[in-house]
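Position 83 of the sequence shown, counting from 1, maps to 83 under full-length UniProt numbering, and the rest follow consecutively.
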Amino acid sequence: MKKGDCPIDTFINFVKGKRKATIILHLIQGTKRYNELVKLLPDISDRMLSKNLKELEEDGLVIRKVYPEVPPKVEYSLTDLGKEIHPILKAMFLGGRMFEKLME
Numbered sequence: 001m002k003k004g005d006c007p008i009d010t011f012i013n014f015v016k017g018k019r020k021a022t023i024i025l026h027l028i029q030g031t032k033r034y035n036e037l038v039k040l041l042p043d044i045s046d047r048m049l050s051k052n053l054k055e056l057e058e059d060g061l062v063i064r065k066v067y068p069e070v071p072p073k074v075e076y077s078l079t080d081l082g083k084e085i086h087p088i089l090k091a092m093f094l095g096g097r098m099f100e101k102l103m104e
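This is the structure in structure tokens:
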């Protein structure tokens, strides 16, 4: 991940992407299987969801646990770092709602 010119830019570099922040907000509610995330995010393609989950895992925000079963069972949960940024994302969510009201 690229360090930004400002700490805010660095933070945004970690969570930007098609629905990464939303994925984190869903995972704060608890561990989810891949298909659960698909249902929670119907406007994102399988390819993009997989890519974002992989990037979040590489960035140390998400844990991917694979169970040796047939069919394969994969669960996603937040790391301590992923949990730690929840208040920031929640504030961004509320800020987005504030701006949406201004746009009405």
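Where a beta carbon is used, it is the ideal one built from N, C-alpha and C, also for glycine.
Straight-line CA distance for residue i to residue j?
| i | j | result |
| --- | --- | --- |
| D43 | V70 | 28 Å |
| D46 | K101 | 31 Å |
| K16 | K39 | 21 Å |
| R33 | V66 | 10 Å |
| L81 | G30 | 15 Å |
| M48 | E104 | 30 Å |
| L78 | E84 | 9 Å |
| I28 | A21 | 11 Å |
| L41 | H86 | 18 Å |
| H26 | R19 | 11 Å |
| N13 | R97 | 22 Å |
Okay, do the region 86-93 and the region 54-70 touch, 3+ Cβ pairs below 8 Å being the bar? The answer is no - the region 54-70 does not touch the region 86-93, with fewer than three Cβ pairs under 8 Å.
Scan the UniProt domain "HTH hxlR-type" (6-104) and note each continuous beta strand (DSSP E) run of 3 residues or more that stays entirely inside, going in chain order. DSSP assignment within the UniProt domain "HTH hxlR-type" (6-104) yields the following whole beta strand (DSSP E) runs of 3 residues or more, N-terminal first: 62-67, 73-78.
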